[in-house]
Every structure is written in structure tokens, then in C-alpha cells.
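Residue numbering for the sequence shown follows my numbering, starting at 288 and increasing by one per position.
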Amino acid sequence: MTIQKKYSALKDYIASLESVAVAFSGGVDSTLLLKVSHDVLGDKAIAVTLSSDLFPHRELDEAKNFCAENNITQIIFHVDELAIEGFAQNPKNRCYLCKKELFTKILLAAKEHNISHVIEGSNLDDLGDYRPGLKAIDELGVKSPLRFAKLTKSDIRELSRELGLKTWEKPSFACLASRFVYGETITPEKLIMVEHAESFLLNLGFKQMRVRIHGDIARIEILPEDFERVINLRTKIYDTLKDLGFSYVTLDLRGYRTGSMNETLIRP
288 MTIQKKYSAL
298 KDYIASLESV
308 AVAFSGGVDS
318 TLLLKVSHDV
328 LGDKAIAVTL
338 SSDLFPHREL
348 DEAKNFCAEN
358 NITQIIFHVD
368 ELAIEGFAQN
378 PKNRCYLCKK
388 ELFTKILLAA
398 KEHNISHVIE
408 GSNLDDLGDY
418 RPGLKAIDEL
428 GVKSPLRFAK
438 LTKSDIRELS
448 RELGLKTWEK
458 PSFACLASRF
468 VYGETITPEK
478 LIMVEHAESF
488 LLNLGFKQMR
498 VRIHGDIARI
508 EILPEDFERV
518 INLRTKIYDT
528 LKDLGFSYVT
538 LDLRGYRTGS
548 MNETLIRP
């Protein structure tokens, strides 16, 4: 199926839903989904954005700006994922626990605004990794139009570019809890350490990277082509992350990849 046929299928599917609340983070996927939903349904498409310690303030600001620039109604409410029973202990089903709680709240918000469906931005590529959150989404009846239209990440970036969305080349992002090795307690203090470490690297010009936390160790994942630059800046990077609270700072020689914490899981 060509990308244009997938795009047409996406628009037709969204039109069939009549009114939607888009779970909107400001990332590549949810921005395209919100843009198309608003193009198709107008004011019957609204955005629901969560303010949380698991997402950097810059992400919330970008989401707000997008909705303001496009005259899209946006509902914002704060959530405390660390208060979800079992979440802070970071079990293997952490994402399931979180998505079940958050989307239950989003569904209630949609009902209060007389919106028929809640939709979210997972894409076809997400089916190839360990994603327990998708189980919660399916259980709650939340729709996934990008998956329905068989859109991959590269498709989404290409359509975003064609539609003039600034996010078409935005680095992929996942919540800060994904930086913690399974079983390590997630605390507000460690979330701040990770957020500030990644913001520091972004300010240095590194676009696609992660700072994974293993106790008091920071494991930096960065694109292999950026290795030499990291080495050249190693003293500055080490000193800054040391000041943030890390005792050791390491570079992952395999480089950046999504879901690296899932590599430790034993799958059936």
C-alpha cells in the first residue's frame, strides 16, 4: 500500500469516528494524528495533554504552542504516575499500569466534553517491541488510527514533512520512566537527574539520545556518528552529570536505540 493510500485510509477512519479526543504529547506521532483529526473533524477533534513529572517541561510547552497556533481545543491536567499502585517499583508491566490509569482519566474527560472516542498515536512499528501499554489501550477501547492505517514511523515522518509539520524531523521521545532499568525504584529526584542530563546533551546539540540510569550510573546512548564528539566533550559531560548526582558516566558502545531496557527481558 502506498503512503498516500495509507493517508486516505487514515482520514476515512477518523471521519467515521465523528468526534475524537486525541491523547496528545507533542511528539511526532501524536502531532500528525491531531493535525489530521482536526483537518477532518474540525472542532470535533480536541487534544488531551497530560502534565507529568515523566515528561520534560519543554515537551508540554511545545504541545501547548501547537494547539494555540492551530486553534485546537486542548485539555491539560496534571497526573502523578508515581502515585499509581506498583508503578514506582518499576515492574515489567509498568507501562500497562500507567496507560490503564491515564487513559481511564482521558476517557472520562472525553465523556465530559461529549466526545465519542479517544484515539492515540501508536504506529505499526510499535508492534515489534515489548509494549505492555498497548494491552491497556486495547482493553479500554481506545482507538489507534495510525496502526489501523498501517503507518510506520518513516511514513509518519514523510507525511508530517508533506503537511509542513515541524515535528517531521523531531527526535523520538519516550517518557522518562523508560530510562530506568526494570526493578529500580523510580523517584522524583532521579527523574530530575535524567531530565536535566538529557536537556544538557540536547543543548550541546545532540539530537537523538538517551541517558539511562542504573543506580548511580548514567549510561549515555547516542548515535554512533556522534561518538567522536562525545569523547571530545567527555570532561564537560562527566563534570555536569557528576554535579547532577551521578557517580559514574558511561557511553554505550552499541549506540542509541529505542527500548534498550527491554533487552534484559526474557520473552516466552
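From the three backbone atoms N, C-alpha and C, an ideal C-beta is built for every residue, glycine too.
None of these values were measured; they are calculated from a predicted model.
Check	Outcome
Is it the case that the Cβ atoms of residue 327 and residue 363 are separated by a distance below 8 angstroms?	no
For a test of the three-state rule: what should DSSP assign to residue 497, helix, strand or coil?	strand
Which residue's Cα is closest to the Cα of residue 538: 421, 516, 359, 507?	507
Going by the beta-carbon positions, is the gap between residue 505 and residue 533 smaller than 8 angstroms?	yes
Spatial neighbours of residue 432 within its chain, please: C-beta separation below 7 angstroms, excluding the five flanking residues on both sides.	297, 300, 301, 320, 406
Nearest to residue 342 by CA position, among 495, 513, 464, is which residue?	464
Looking at residue 402 and residue 312, is the spacing between their C-beta atoms short of 8 angstroms?	no
Are there 16 or more other CB atoms within 10 angstroms of the CB of residue 398, so buried, or fewer, so exposed?	exposed
So does the segment 330-337 actually touch the segment 423-440, counting three or more Cβ pairs closer than 8 angstroms?	no
Kindly indicate which residue of 377, 366, 512, 359 has the alpha-carbon position closest to the one of residue 393.	366
By the three-class DSSP mapping on this structure, what secondary structure does residue 554 have?	Note that residue 554 has pLDDT 49, beneath the 50 cutoff, so the model's placement of it is unreliable and no number is given.
Roughly how many angstroms separate the alpha carbons of residue 360 and residue 400, rounded to a whole number?	11 angstroms
Pull up the DSSP beta-bridge partners for residue 338, would you.	365
Nearest to residue 483 by alpha carbon, out of 501, 344, 348?	344
Quick one: residues in its chain with C-beta nearer than 7 angstroms to the C-beta of residue 436, no 5 flanking neighbours on either side, listed in chain order?	293, 296, 297, 300
To the nearest angstrom, how far is the alpha carbon of residue 445 from that of residue 455?	7 angstroms
Buried or exposed: which applies to residue 571, given that a residue is buried once 16 or more other Cβ atoms fall within 10 Å of its Cβ?	Nothing in the structure corresponds to residue 571, since the chain is present only between 288 and 555.
What's the gap between the Cα of residue 555 and the Cα of residue 420?	At residue 555, the pLDDT of 42 sits below 50, so the modelled position is not reliable and the matter cannot be decided from this model.
Might you give, ordered along the chain, the residues of its own chain that have their beta carbon closer than 7 angstroms to the beta carbon of residue 481, omitting 5 neighbours on each side?	463, 466, 498, 500
Can you tell me which of 536, 514, 475, 544 puts its alpha carbon nearest to the alpha carbon of residue 375?	475
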